[in-house]
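Data block below; observations after.
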Amino acid sequence: MNKVPIDEILNKVNGIKITHKRKTRIRVDVDADSLPTLLELIKGRASYIHLSAITCVDWIADNQFELVYHVWSYEEKCLISAHTRIDRGSESNPAKYVSVYDLFKPADFFERDIFEMYGVTFIGSPRMEKFILTEWNGVPPMLKDFDAEAYVQETFKWTDYNPDWLQELTDQGGGIAVKPEDIRTAGNTHNMSTHRERDKAKAAAVKANEKMQGWKQ
Amino acid sequence: MNALHLMAELIFMPLIAFIVGMMMVLMMRKIAARLQRRIGPPFFQPLYDIVKLYGKDTQISHGLIHDIGIIMAVGGYIGAEILLPVPGMEGIAAKGGVITLSYFLMIPSLGMALGVGQCANPNGSIGISRALTAMLAYDIPFILVVFGAAWHYQSTSLIGMIEYQQMHQWGIVEMPLLAIAGLFALQGMLGKQPFEIYIAPAEIATGPMVEMSGKYMGGLFVMQTFQLYTAGVLYASLFLGGGTSFLTLLPKAFLVVALPMSIAFMFPRYKTEDVIRILWKWPVMLALISLAFIL
Amino acid sequence: MKKELKIIQKERTNPLAHVFDDFISFCQSKSLFMLHYCTGCGAIELPPAMTSRFDMERLGIQPMVTPRQADILLITGYVSIKTLKRVILTYEQMQSPKYVIGICSCTVNGGMYWQSYATAKKLNEYMPVDVYIAGCMPRPEAVMEGLQRLKDNIRNDKKEHKGSAWKDYFNRYDYYLGNQQALFGDDWQTPTDIIAEAKLYDLETEETYGKHTKLLEKHQTPLLPQEMRIK
Amino acid sequence: MNSLVLLVVLPLFAAFIIPVVAKFSPKLSLFTGPVVLCINLLLIMSAWIKVGSGSEAIFLGGFLPPVGIVFYIDHFSLLFSGLIAGMVLIVWPWDAKESRLYSLYMLLSAASFGLVLSADLFNLYVFYELLAVATYGIIAASPISKVPNSSATAASLRYLFISSAGSVMLLLGIAIIYTLTGTLNIAHLATMTTSLDGFAGLSAFALIAIGAGVKAEMFPVNSWVAEVYGTIPRQLSALLAGLVSKLAVILIIRMLLMVFQQQAAFDLLLVVGMLGVISGEMVAWRAKDMIRMLSFSSIAQLGLIFIAFSIAGSKGLWIGMALMLHHLLVKGGLFLMADRFAGHMGKLKGLAKHSPMAAAVFLVFVLSLLGVPPFPGFWIKLLLILNLAEQGGGLYHVAIATILLATVIETAYIFKFVRILYQKADADSTPINKNYSSSYTFAKLFALILLVSMLFVSPISNHLKDIANHSASPHIYINKILPTKQLGDRS
Amino acid sequence: MTFLDHLFIVVFISLIAISALRNLRIVDKLAPVLYGLILIMLVRMSSVAYGGDVYLSSVSLDLLDFKMHWQFTALSWYFAIITVVAALASAVFMSGDWGRQYREQGGNYGMLQLALIVNVFSMILLLGSGDLLSLFIGWEFVSWASFLMMVLSPTKLAKKSAVKYIVYAMTGAMALMVAIVMIYSVNNSLEFKQIGEVFTQMSTSSQLALVLLFFVAFAIKMGLLPFHLWQAIAYAETPGPGAAFLGAISSRMGMFTIVLVIVQFIGLGGLKQLGISFVNMQTLLAWVAALTTIIPTYIALQQHDAKRLLAWHGVGQGGYMLLGIIMFDSIGSAGGLMHVLNHASYQAALFMTVVAVMYRTGTSDLNKLGGLVTQMPLTFLVMLIGIIGLAGLPPMNGFVSKWLVYRSLLVNGQPLLFVAAVLGTLGTILSVYKLIHNTFLGQLRLEHQNVREVPWSMLVPMLGLSIIVFITGFMPGLILPWIASVQESVGLPVIAHHLGGIEYAKGGLDMIWVSGILFYGFGVGALIFYFLGGKSKRVHQYDNYAGGHFLTSDVRYHYSNNFYPGLMHLIGGWYRGSFKWLENSIVSVVSFFSIFFENIYRAKQPVMLLLIGVVLALFALYRNLGVGA
């Protein structure tokens with residue numbers, strides 16, 4: 091049977107928008123209720139048989155979850171990523187979405203993982219239960235509104251670690267001159283958008299080290 | 002032979018066996034290290050290990066049979082040492098021949114098997130089932146070798162064999178093929194690398210030794226020293242003429258133990274059925290050919 | 171019914187005991203069996219320590235497979251909550267005198283996973299740790315240095331009492347149990363009966379019992395070994 | 010002495026009177042048969058004492074031997090006539106509906122007496138035919154064959170064909186003998202055995218043997234045995250298997266001992282006997298039904314008897330007789346017992362629970378059949394094998410081998426059956442028909458006789474031995490019947 | 218009325234008594250007392266076992282010109298003492314609580330007691346036989362008595378195997394009868410001496426036939442190789458202590474007759490000169506014995522039912538006895554004979570332990586047991602002593618007889634036989650460890666938590682037997698004089714012995730020294746263990762290393778199924794029932810012939826056959842008459 095071009099198939103789905111297309115990558119945005127039809131279409135018609143992953147992104151600002159289905163085709167050597175947005179829901183009515191387990195068997199694990207990490211229940215998925223964090227029975231940890239650091243501060247008795255040998259070192263003037271927070275904020279370059287800011291921060295760090303070296307003599 | 006001589010023999014034979022055995026263990030670990038381009042353990046390491054194991058404060062036991070198993074293992078070998086003639090002390094050794102000795106060597110493995118069985122750990126049981134299968138495998142060539150030697154020297158008592166060899170040439174000269182088969186069987190008996198399936202650390206967590214802690218583990222280390230010593234001295238007295246004095250016997254025993262050890266550390270482990278297939282094929286064939294010459 | 175508890179350190183009366191004890195602690199320092207529980211990424215540093223370049227066997231240290239035979243428990247890398255349960259079980263299955271060496275800074279104070287919800291931060295809250303080898307995967311030299319330090323501690327344990335941290339687990343069992351229960355919940359229990367062991371080797375002190383051990387007794391039915399009975 | 014002729018005459022007379030008597034008092038007709046038989050028994054008893062160890066000859070109608078009919082009485086014939094009377098009394102059908110059956114039984118007993126006593130060939134043939142006719146009558150009269158086109162009619166028809174063919178062959182044999190020797194009196198024939206030595210003589214003997222063999226369940230011609238015994242009532246099959254077959258064997262043996270002393274004849278009997286044993290055992294091994302198993306086992310036993318008779322001289326007769334008596338007791342008993350426990354083996358599971366006595370009796374019969382030491386069967390089998398070994402000669406060794414092989418197969422199938430008996434009863438095993446039948450008591454009687462004979466093994470065997478010595482030698486036979494003639498060329 | 222008659226009468230009276238009272242309660246007390254009485258009478262006859270003269274019985278039947286008389290030689294006394302001791306042990310075992318449970322489960326207890334006394338009676342009759350005919354009658358009695366014992370168990374398989382046994386036994390009896398007939402036909406006498414004389418006069422082919430026939434008859438009873446298929450299942454299915462009795466002594470009657478007939482009268486000379494092509498009779502028998510030690514032992518290794526495993530070992534150990542006897546030298550034959558007593562003692566003890574385990578747990582399937590050592594320690598002790606005996610390790614008596622057999626193989630220079638025997642021993646060691654590991658060691662199952670030790674009525678016989686096993690192992694000199702007198706009465710070279718063991722020129726055995734050294738070793742081991750090491754804490758079976766996993770009772774953490782996978786993988790292929798094929802082929806030949814004959818009987822037109830026959834006869838006659846007339 092002759093090969094039907096992929097665009098034609100994709101356009102069949104209503105409410106679809108091909109946002110990005112390359113030889114090996116196609117990104118598609120589709121609304122929530124027509125995603126299963128898309129998957130069925132590309133699986134049936136266009137040899138996209140391998141669902142390699144389902145990922146979830148927590149857009150807490152617009153109170154939505156974004157589910158991304160990555161489907162790979164061995165013949166065309168091309169990956170389709172279907173992005174869709176579902177309502178984030180709240181404590182009372184948790185987020186729900188339909189499961190694609192009937193189309194792709196591996197979906198069972200991905201959905202179970204997302205259920206554990208984000209709290210999204212997939213209707214029709216075989217095992218909606220704990221997956222890896224068997225000991226954890228708190229809030230789904232990957233949600234943005236869960237503050238890990240606060241949890242750590244609260245559960246683990248955080249005692250400052252200043253053993254005796256460090257005491258002597260600092261007594262003789264050694265030790266860290268710059269507080270970890272400063273370094274983190276100062277030397278923290280990865281969220282700096284421009285080169286210039288980055289160079290400035292590096293210089294500050296260098297100066298701080300010289301000060302420390304100074305003490306050493 | 003008077004009571005004093007008897008008491009001396011009863012005490013010193015196992016003691017000598019223990020000391021020489023520990024030196025053999027050291028030699029074994031040194032050879033292993035040298036082959037892997039390492040320095041290897043310090044001189045008294047086996048002694049340290051054993052003392053530390055016996056010095057452990059807490060030990061766990063799974064029941065009376067677990068204790069009796071270790072006692073049988075160590076006791077069986079002490080009995081075997083007493084039956085093994087050593088220059089100057091072979092009063093009691095005359096009482097039992099080489100067949101009795103080969104049976105004495107089976108008692109410790111049965112004792113250990115009982116002890117490990119009581120530990121109720123499947124790793125141990127799998128280890129023991131492999132150990133007994135390996136015993137089945139290496140005992141056939143070993144018995145053939147013993148048969149050939151006993152038939153050649155026309156007597157089953159080891160003292161008779163040693164005297165025969167002192168007068169005529171050594172066993173290895175008259176029965177070269179049998180000696181080689183004996184070495185092959187010795188390789189299996191010592192339970193080292195190529196035929197070490199039953200202490201496979203990766204698969205069954207050191208097999209029988211999985212639940213042995215403290216003095217139980219110490220008992221097994223002592224048993225290992227006895228095992229090396231018995232194998233060495235038995236082979237020496239069967240084929241290398243057994244020394245008139247310790248000075249001649251010990252180098253032979255050490256050489257006999259060193260040979261399989263150096264072969265051992267260059268081989269991976271065989272599966273259980275391959276152990277049987279190999280040990281029933283080559284050494285048995287060699288032994289039968291040499292028997293054909295002797296009989 | 172609080173049982174009258176003995177003092178922590180039992181004095182050995184006969185003179186020979188010291189000579190004998192010194193010899194045993196000398197041998198203990200010279201021969202250590204190491205069980206490295208590769209919880210995290212630090213385990214990769216151990217093979218080089220054992221093989222030809224650094225050769226741990228020179229120090230008399232041999233790798234062993236099961237906790238029953240091991241003396242040293244090497245915790246290499248971050249310890250997630252789930253793994254901590256198994257680590258505690260392994261630790262309790264080991265026979266004392268036993269030593270714990272925490273490799274990598276994750277065991278010291280949580281390391282780079284310090285703000286993760288799933289990892290245990292300080293190992294010594296859950297079991298007495300002898301030597302820490304910091305470093306986000308310390309090099310083999312550091313591991314060898316740590317092991318040497320442990321051997322020295324054992325060697326002159328009589329003077330500085332640095333080698334018998336394992337007694338602390340029995341002496342202050344309630345503290346450790348408390349921390350464990352805080353993490354795993356109140357019905358946390360392990361098959362090994364630590365209290366009975368403490369009684370047997372009379373290592374119990376006032377601090378062995380407390381609020382948490384009472385909690386333990388409430389819901390743990392201690393596994394009593396079957397006694398061999400004739401009738 | 011000539012009152013013994015009454016033995017044949019009385020039953021014949023009764024056979025014709027009974028239907029008349031039945032007309033006006035059925036009860037009387039019921040009892041005439043047994044009364045006649047009791048009278049015969051008394052006659053036999055008195056004759057037994059009078060004859061002592063010798064023997065008598067009765068010339069009917071005063072004609073001298075080569076012409077007239079001669080009855081020869083000695084312990085051998087008296088023993089068997091006594092057995093006939095006893096067996097028919099035991100098997101008497103008390104509950105038969107019409108009197109026709111009684112007269113047929115009377116006819117049968119008359120023919121049997123005649124067959125045992127007469128000493129000339131043609132007379133034997135006549136009584137043999139009478140016996141055959143009586144057997145057809147009884148089989149046809151048996152209740153099962155009343156059912157239209159049932160297997161019984163087919164079986165009796167097939168039996169009719171075979172035995173008539175047999176009679177034809179018997180007649181042919183006698184004709185050949187008559188053409189060769191010109192006389193039919195056995196004693197006279199005994200004096201002229203040389204003329205019968207050639208191939209013709211042997212073929213005559215073969216024809217007679219096969220002819221009479223039909224009744225004696227000899228190998229090639231006994232295919233009717235299983236079907237007939239399967240369909241007729243158990244008592245009748247006990248009579249047929251137990252006794253009638255023995256009479257036919259006696260006819261063959263009388264010819265063998267007196268006239269055909271050639272080795273070829275003995276070998277023929279031996280071969281036929283062996284084939285009979287092997288075929289009987291093999292087929293019995295596959296039998297699924299108890300009656301079928303018993304009938305094939307009786308074929309095998311008769312094969313054994315032929316093997317015994319193939320031993321020359323009085324030893325053969327002695328062992329043959331012992332075997333015959335033993336087979337009569339065991340097979341008769343088993344058939345009588347089968348009345349209560351018939352049917353497919355599978356249905357008899359757990360019988361031992363219902364009636365342990367029946368199972369025990371069955372065990373006694375079976376163990377004696379196999380030849381297990383304390384039972385008489387063992388001694389007979391031991392003697393048989395010892396004598397066969399003494400004969401030497403390859404064929405006899407083969408005979409020994411077949412007997413032993415047969416015993417092993419016999420053990421296999423009998424104990425397969427015993428296992429079923431002693432198994433736990435399950436759903437489809439038939440309940441035992443509880444109605445009390447006389448044949449079961451007689452079976453227990455036979456078992457008792459067997460157990461008692463176990464104790465007196467040596468006296469019985471000595472008694473049988475001198476009967477055999479007496480009746481096995483042709484000289485006594487000839488002197489008694491033809492006192493005038495010398496022995497002729499008999500060496 | 219000689220003493221032997223008293224013995225026969227006592228045994229007969231006890232038979233009558235037990236059969237009469239078997240369903241009453243007092244038979245439990247009566248049976249052991251009667252066996253005890255028989256034992257005492259045997260002991261008073263023990264002068265024959267120390268070189269005294271033969272006991273003749275005054276009764277001599279002469280039936281149908283055969284004379285039968287009975288006598289008790291040292292050989293028969295030796296076997297009789299084993300039989301009665303085994304019977305006493307199983308009677309005591311049977312009449313205690315086991316009997317009560319057997320009755321409750323619907324077993325026919327009275328019949329079992331009767332079967333035991335019938336077995337003893339027939340065995341003593343066989344042992345006392347004076348000539349070939351009484352031997353044959355005794356032989357049949359023994360076969361039927363053991364059949365009676367086997368057929369008692371309710372299972373269908375038991376009955377099927379019992380029938381298979383009786384067919385084998387009947388074949389054996391027939392072979393024996395033919396052999397007796399061959400001897401009788403030479404000069405009409407059935408005395409034992411006749412065997413020797415007749416054998417010399419016979420032609421070689423009939424000599425070979427005679428020896429083969431005797432061997433077939435005795436090999437079937439003893440379960441030697443080609444005829445061993447019936448024994449294991451039949452003995453395993455016999456109810457409780459009956460299996461112990463049968464396993465211990467019933468098949469050794471074959472050994473008695475082999476020694477009596479083949480060894481005593483045909484002797485080494487006779488066997489050596491006979492032979493098929495290059496192999497003489499002695500090596501043939503030796504190889505049958507050697508194969509019998511190997512193949513059943515490795516079949517036993519695969520069984521997962523304890524009784525079946527032990528029964529297969531019974532077959533295997535029979536090979537040792539024959540191997541010893543067939544060497545015809547002093548130590549070899551002594552080994553073979555002593556192995557009869559040794560095997561009887563520990564086989565009975567082992568069977569009783571398995572029955573005891575069945576009594577408490579209801580199953581003898583090795584895959585459904587485990588960890589019973591804490592619940593039934595004394596039974597474990599008895600089984601331990603039993604398996605050390607069965608494996609033939611030093612302190613126990615099995616070692617002495619195996620040492621003797623090995624020593625004779627060594628002296629006679631038979632390397633391959635030596636290897637075969639060792640292969641048998643090693644196989645035994647492997648499978649006995651599997652037996653004791655799967656029943657007593659390893660994890661205890663939940664349902665066996667409250668299993669208790671078996672009552673004393675079962676423990677006493679077991680402990681008694683295990684004491685015998687130890688005592689005769691520690692001081693073999695106690696039973697060696699019996700064996701010496703047997704050797705002397707049978708005409709074998711007598712063994713030089715002293716209390717501790719055997720003196721032999723090229724290296725003897727002194728069990729008192731050997732066991733002494735072993736116990737010294739154990740003592741030192743215990744000293745080291747208890748005084749050098751510190752206190753050890755007893756832990757529960759779930760406190761075990763499982764790779765960091767928390768052991769719970771729902772997951773069964775125990776290894777017992779497919780116990781020797783490596784070995785089974787290697788030799789599993791050979792055991793596709795090669796001998797079962799032999800048996801099935803015979804059955805199919807018989808059924809083929811039966812179908813063939815059945816078709817003849819179903820032939821439609823028999824009459825047609827007859828007519829053809831008649832026509833042929835007429836034609837032959839006509840041609841002949843035409844010529845002859």
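Protein chains in written order, with our numbering: chain Y, 91 to 307; chain L, 2 to 296; chain P, 171 to 401; chain S, 10 to 500; chain R, 218 to 846. Quick reminder that beta carbons are idealized off the backbone N, C-alpha and C, glycines included. What you are looking at is a predicted structure, and each value in this text was computed from that prediction instead of being measured.
Just by C-beta distance, which residues in the stretch 347 to 379 of chain P are closer than 7 Å to chain L? E367 and Y371
7 Å CB neighbourhood of L463(R) in its chain, flanking five on each side removed: S363, M366, Y452 and T455
Roughly how many whole angstroms lie between the Cα atoms of F431(R) and V417(S)? 17 Å
Between the stretch 359 to 368 of chain S and the stretch 317 to 325 of chain S, are three or more C-beta pairs nearer than 8 Å? no
Out of S468(R), I255(R), G492(R) and I299(R), which has the shortest C-alpha to C-alpha gap to V686(R)? I299(R)
For L373(P), which option in G212(P), K381(P) and Y343(P) has the closest C-alpha, if you only look at C-alpha atoms? Y343(P)
Would you say K216(L) lies against chain R (beta-carbon separation less than 7 Å)? yes
Rounded separation between H206(P) and L244(P) - CA only: 4 Å
M310(R) versus K246(R), L352(R), M555(R) and Y721(R), residue with shortest Cα-Cα distance: What sits at residue 310(R) in the sequence shown is Phe, not Met. Measuring from the Cα of F310(R), the nearest candidate turns out to be K246(R).
Tell me which residue opens and which closes the beta strand (DSSP E) that R115(Y) is part of. R115 to V120
How long is the line joining the alpha carbons of D50(L) and Y164(Y), rounded to whole angstroms? 59 Å
7 Å Cβ cutoff met for L682(R) and A306(R): yes
Can you say whether I490(S) is buried or exposed, counting buried as having 16 or more other CB atoms within 10 angstroms of its CB? The residue in question, I490(S), is buried, as its Cβ has 16 or more Cβ neighbours within 10 Å.
Contacts of C197(P) in chain L (Cβ-Cβ under 7 Å): Y49, V52, K53 and G56
CB of M201(S) within 7 Å of CB of T190(S), strictly: yes
Taking the alpha carbon of I365(P) as the point to measure from, which residue in S286(P), V270(P) and P392(P) has its own alpha carbon closest? Nearest option by C-alpha distance: P392(P).
Thinking C-alpha only, which one of T375(P), S266(P) and K328(P) is nearest V189(P)? By alpha-carbon distance to V189(P), the top candidate from T375(P), S266(P) and K328(P) is K328(P).
Unbroken alpha helix (DSSP H) runs of length 4 or more, entirely within the stretch 521 to 604 of chain R: which are they? 523 to 543 and 547 to 578
Which residue's Cα is closest to the Cα of G694(R): K797(R), A551(R), V496(R) and N240(R)? A551(R)
Measuring only the C-alpha atoms, how far is K113(Y) from I170(Y)? 11 Å
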